[in-house]
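K.L.:
If you scroll down you'll find the structure; I have some questions about it.
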Amino acid sequence: MRRDTGQIFRLEDYRPTDFLIPELKLDFVLSPDATKVTAELTVERREGVAEDAPLVLDGDELRLTELLLDGEALPVERYEVSPDRLTIGALPKNGKFRLTIVTELNPADNEALMGLYRSSDVYCTQCEAEGFRRITYFLDRPDMLSVYTVRIEAGRGQAPILLSNGNLVESGELDGGRHYAVWHDPFPKPSYLFALVAGDLGSIKDGFTTASGKKVELGIYVEHGKEARAAYAMDALKRSMKWDEEVFGREYDLDVFNIVAVSDFNMGAMENKGLNIFNDKYVLADEDTATDVDFANIEAIIAHEYFHNWTGNRITCRDWFQLCLKEGLTVYRDHEFSADQRSRAVKRIAEVRTLRAQQFPEDQGPLAHPVRPRRYREINNFYTATVYEKGSEVARMIRTILGGELFRQGMNLYFERHDGEAATIEDFLKAFEDASGRDLSQFALWYHQAGTPNLTITTSHDKAAKEFVMEIEQSVPPTPSESRKRLMHIPLSFGLVGKDGNDIEVGAVDGATVEDGVLHVRKRKHTVRFEGVAERPVVSLNRGFSAPITLSFAQKPQDLLFLARHDGDLFSRWQALNTLFTEALIKAFRGIRGQKTSEFDPALVEQAGLTAADGELEPAYRALALTLPSEADIAREIGSNIDPDATFAAREALSIAIGKAHGEKFSSLYRELDGCASFNPDAASAGRRALRNVLLDYVSVAGDDPEPAARQFAGATNMTDRAAALMILAHRFAGSTEAKQALADFEERYSDNPLVLDKWFQIQATAPGAGTVDVVRSLMSHKAFSLANPNRVRSLIGTFATANQTGFNRADGEGYRFFAEIVLAVEKRNPQVAARLATALRSWRSLEPVRQAAAREALLSIAAQPDLSSDLRDIVERTLA
Ligand code: B3K
Ligand code: ZN
């Protein structure tokens with residue numbers, strides 16, 4: 000475990016290395032507990048660097064067994080070595096030499112899952128961000144680009160499959176049942192993109208011919224017996240390859256593209272050049288074991304990792320501060336891909352919900368940081384919603400500001416200029432400035448400044464003068480270590496909707512630049528006058544969520560209702576109804592805290608019924624519209640002094656009101672949507688299932704009857720319907736015979752499939768109420784559970800802490816105490832997973848005082864431990880600061 004040293008890394012300290020390593024040859028002789036790694040580095044001193052400059056290589060828990068310079072063993076007085084550093088002085092005068100480094104690794108013992116490790120008897124690697132230094136001593140930083148040749152040797156019986164980056168150039172048999180393979184990757188790459196996989200795996204193979212006629216062999220490797228479940232991932236891969244050619248003009252460049260699914264993985268997947276390694280959760284799917292959400296995630300993540308081949312691999316990051324250069328941009332690309340493959344409006348709503356649920360609390364809490372941070376203590380803690388999701392929104396805003404044509408030209412220029420380089424955000428923005436002739440200097444603040452900007456809006460209409468006036472005021476809230484903020488350039492898409500529901504053509508506009516329906520807010524205050532507006536329009540703001548901001552706009556409920564029915568922008572139509580729900584829930588929350596019963600505006604309840612039955616809208620869209628804001632959404636809008644029992648009660652009350660008002664209508668709609676004989680994972684079929692399952696929830700709550708869900712559970716022919724019914728039974732009818740029966744059936748049916756049992760853990764961990772902490776504790780002794788497997792930990796412990804507001808935030812603090820104990824137990828094996836878990840406590844200051852004190856105690860109990868990892872100490876100390 001890498002212990003915390005307190006060292007802080009700063010963007011302004013960046014300087015290029017003294018040495019280059021243009022070539023690297025790696026030789027692995029694999030064995031579970033004693034793998035020998037021979038690294039041969041071709042080193043060149045950079046021009047202008049002093050002759051006596053030493054070469055300082057990074058390591059992490061390494062054991063050096065041999066060191067040679069130009070083939071000669073180096074005497075011990077010529078170098079200094081420790082597990083985390085190798086320093087060599089007195090180097091050849093001409094500055095060119097060959098260094099041979101031999102290290103010995105114990106992959107079977109590596110539970111941090113960084114570097115070379117074993118997952119179900121398969122050797123695999125994870126090197127991003129700093130895992131390569133756990134394999135050999137190296138200049139382990141993203142601006143160090145080398146051409147890799149990798150030889151892998153292993154027993155054929157244990158590891159018939161030997162894979163690395165690039166193209167296979169040689170393979171053969173050796174004595175004693177051993178064999179080897181040599182892989183060569185002609186594209187210079189940073190060490191974080193190195194990968195190796197060796198083991199006994201099954202596979203499916205396919206092919207793709209690129210636009211310029213290059214034939215690429217595609218392979219997906221999975222555990223034996225699971226091959227059929229990789230078919231959807233393969234289909235998604237081929238669609239991604241085609242889409243990137245069509246939309247971004249990007250072709251694949253090697254002869255092979257391989258994907259390997261492993262069951263122990265710290266995150267979703269990894270874009271290693273030509274050899275993507277995936278968490279098996281994001282590869283394996285069929286109708287019996289995966290939900291529609293799983294299918295959509297697989298499609299998106301396969302695409303994301305594939306798209307990294309250009310945005311991340313061909314053009315990589317100069318340093319880790321530039322992480323959003325590859326991640327934000329690649330998320331934007333995968334969002335666009337999914338929007339094109341599925342429904343754009345539905346996709347956009349889902350993206351915004353994720354952004355608000357994950358990035359807004361980060362931006363508004365103690366862990367806030369800019370999309371491009373300026374300092375870090377542990378880089379693994381910066382793979383955040385801000386870098387990824389807000390980073391994607393920033394790329395999207397560039398497109399909104401420039402328009403599709405200039406955006407594409409800017410991207411092309413970026414690819415042309417920086418192919419083969421390690422680039423920066425400045426390089427990226429410059430490509431768009433040069434392609435468009437626009438000045439993006441104010442816009443660049445989106446990368447540099449943390450915090451969610453807010454726009455306060457007031458409007459007035461002067462009938463006689465036919466003038467509509469919008470007053471806009473921007474503010475950016477202070478965030479940790481950034482109290483003063485500069486004014487941002489916010490592209491605000493809008494429409495003025497007339498009585499007939501159509502947008503009004505506006506005449507002259509004064510007070511801000513308006514282009515193609517986008518108002519450019521750049522100053523603190525704008526008074527925007529629209530001329531020629533005869534009737535008072537209803538204004539629809541931030542259409543399509545053109546900017547990741549909050550709005551303070553006291554829009555009349557009847558105007559919101561009007562937009563919920565008529566807004567031509569489907570995102571904003573959803574938003575209007577969602578805003579009405581949120582406002583109603585906040586009112587109910589305050590009522591509950593004041594001991595009042597909740598009453599809801601009948602017009603709002605009626606609108607829920609109208610939306611449900613609106614045949615003009617896709618089922619998937621209706622499902623999203625009918626999904627009430629989550630308890631966390633309500634809490635975020637309220638902001639402080641949160642009592643999670645009251646947010647839960649408010650949401651329940653509105654659910655019951657809507658369910659009871661539309662019981663029969665929803666039941667018959669539910670029945671009408673039934674009847675898809677054969678399973679199809681496509682967006683339209685998934686949408687029907689989504690709507691059906693939202694309706695089933697309303698029907699169940701309204702009738703206070705487990706029977707409809709129990710019937711669906713028993714008759715389900717796919718995982719989406721089965722899991723949805725199980726969730727209703729376990730959450731709404733906990734302890735009932737039906738719920739117990741369904742949980743037992745599910746457990747038995749999937750007893751040999753840990754990935755599916757994750758859903759079973761998750762459903763139980765999210766059951767509302769004070770008793771769940773005990774259930775979670777006892778599920779930790781289930782035979783399928785393991786603290787060593789990140790998927791298990793995230794399903795049971797992670798979802799309990801992030802998605803169970805009442806259970807986790809139990810008033811007596813037991814949820815937090817239990818959680819702190821488990822975080823520390825996980826940390827012993829896997830600091831990265833523990834640190835990620837611990838972020839669940841980031842919003843502790845918004846709780847009511849009693850819970851706040853209990854959450855703080857739990858955080859302090861973690862911070863009090865001696866010898867914490869840098870990962871966990873960084874998160875806990877920033878959260879408490
Ligand atoms: N680049 C990886 C994430 C690596 C995380 C390291 N802590 C997957 C991705 O974003 O595509
Ligand atoms: Zn990525």
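So the sequence shown is numbered by numbering that gives the first Met the number 0: it starts at 0 and just counts up by one.
Note that CB positions come from ideal geometry on N, CA and C, so glycine has one too.
The structure displayed is predicted, hence computed values, not measured ones.
Okay, do the region 169-185 and the region 42-59 touch, 3+ Cβ pairs below 8 angstroms being the bar?
P.N.:
no
K.L.:
List the residues that DSSP assigns as beta-bridge partners of G114.
P.N.:
Q125
K.L.:
Are there 16 or more other CB atoms within 10 angstroms of the CB of H881, so buried, or fewer, so exposed?
P.N.:
The structure shown has nothing for residue 881, since the chain only spans 0 to 880.
K.L.:
Contact defined as beta carbons within less than 8 angstroms: I believe P490 pairs with V517. What is the distance between those atoms, to the nearest angstrom?
P.N.:
5 angstroms
K.L.:
Using the three-state DSSP reduction, which class does V505 fall into: helix, strand or coil?
P.N.:
Residue state, collapsed to three classes: coil.
K.L.:
Using only the heavy atoms of the ligand ZN, determine whether one of them is closer than 8 angstroms to the beta carbon of K188.
P.N.:
no
K.L.:
By DSSP's criteria, I100 is part of a beta bridge. Which residues make up the other side?
P.N.:
Answer by DSSP bridge pairing, in chain order: A38 and L66.
K.L.:
Which whole-angstrom value describes the C-beta separation of L56 and F137, a residue pair presumed to lie in contact below a C-beta threshold of 8 angstroms?
P.N.:
6 angstroms
K.L.:
Can the beta-carbon of A834 be found less than 9 angstroms from the beta-carbon of E377?
P.N.:
Yes.
K.L.:
Taking 8 angstroms as the cut-off, does the CB of K325 come closer than this to any heavy atom belonging to the ligand ZN?
P.N.:
yes
K.L.:
If P547 and L274 are in contact, beta carbons under 8 angstroms, what's the gap, nearest whole angstrom?
P.N.:
About 34 angstroms separates the beta carbons of P547 and L274, which is beyond the 8 angstroms limit, so they are not a contact pair.
K.L.:
In chain order, which continuous runs of the beta strand (DSSP E) of length 3 or greater are located wholly inside the region 149-210?
P.N.:
Taking only runs of at least 3 residues, the beta strand (DSSP E) segments lying wholly in the region 149-210 are 160-163, 166-172, 177-188, 195-198 and 201-208.
K.L.:
Suppose you measure from the CA of P479 to the CA of T455; what does that come to, to the nearest Å?
P.N.:
23 angstroms
K.L.:
Taking the alpha-carbon positions, what's the T329 to R542 distance?
P.N.:
23 angstroms
K.L.:
Starting from K225, trace the beta strand (DSSP E) both ways and give me its first and last residue.
P.N.:
Looking at the DSSP string, K225 is not in any beta strand (DSSP E), and its letter there is neither H nor E.
K.L.:
D461 lies in the beta strand (DSSP E); which residues open and close that run?
P.N.:
N453 to D461
K.L.:
Is there at least one non-hydrogen atom of the ligand B3K closer than 8 angstroms to the beta-carbon of Y382?
P.N.:
Yes, the ligand B3K has a heavy atom inside 8 angstroms of this Cβ.
K.L.:
Any chance you could list the alpha helix (DSSP H) runs of at least 4 consecutive residues sitting entirely within the region 242-329, in chain order?
P.N.:
291-306
K.L.:
Do F580 and P628 have their CB atoms nearer than 9 angstroms?
P.N.:
yes
K.L.:
What does the alpha-carbon distance come out to for the pair S777 and R841?
P.N.:
Rounded to whole angstroms, S777 to R841 spans 26 angstroms at the Cα level.
K.L.:
Label A683 either buried or exposed according to how many other C-beta atoms from any shown protein chain fall within 10 Å of its C-beta, with 16 as the threshold for buried.
P.N.:
exposed
K.L.:
Would you say Q831 touches the ligand B3K, meaning its beta carbon is less than 8 angstroms from a heavy atom?
P.N.:
yes
K.L.:
Regarding T329 and the ligand B3K, is the C-beta to nearest heavy atom distance less than 8 angstroms?
P.N.:
Because some heavy atom of the ligand B3K lies under 8 angstroms away, the Cβ of T329 counts as near it: yes.
K.L.:
Using DSSP with H/G/I as helix, E/B as strand and the rest coil, what is M410?
P.N.:
helix
K.L.:
I'd like to know whether the C-beta atoms of R731 and V774 end up nearer to each other than 9 angstroms.
P.N.:
Not closer than 9 angstroms, so no.
K.L.:
Could you please give the first and the last residue of the uninterrupted beta strand (DSSP E) stretch that includes M0?
P.N.:
From DSSP, M0 is part of no beta strand (DSSP E); its letter is neither H nor E.
K.L.:
Would you give the residue range spanned by the alpha helix (DSSP H) that E747 belongs to?
P.N.:
It spans T736 to R748 - the alpha helix (DSSP H) in which E747 sits, taken as one unbroken run.
K.L.:
Just list the residues that DSSP pairs E514 with in beta bridges.
P.N.:
Answer is V517.
K.L.:
On the three-state DSSP scale, how would you describe I397?
P.N.:
Correct three-state label for I397: helix.
K.L.:
Give a single yes or no on whether Y191 has its beta carbon closer than 8 angstroms to a heavy atom of the ligand ZN.
P.N.:
no
K.L.:
May I ask you to check if the CB of G658 is nearer than 8 angstroms to at least one heavy atom of the ligand B3K?
P.N.:
Here the distance from the Cβ of G658 to the nearest heavy atom of the ligand B3K is not below 8 angstroms.
K.L.:
Relative to the C-alpha of L412, which candidate in F247, G531 and E514 has its C-alpha closest?
P.N.:
When only C-alpha atoms are compared, the closest one is F247.
K.L.:
On a CA-only basis, which of E504, Q606, A583 and V532 is nearest A563? Give me that one, please.
P.N.:
Q606
K.L.:
Given this structure, state the Cα-to-Cα distance separating V75 from T64, to the nearest angstrom.
P.N.:
12 angstroms
K.L.:
So, with DSSP's three-state summary, where would you put S145?
P.N.:
strand
K.L.:
Give me the residue from V508, P477 and A284 with the minimum Cα distance to T719.
P.N.:
A284
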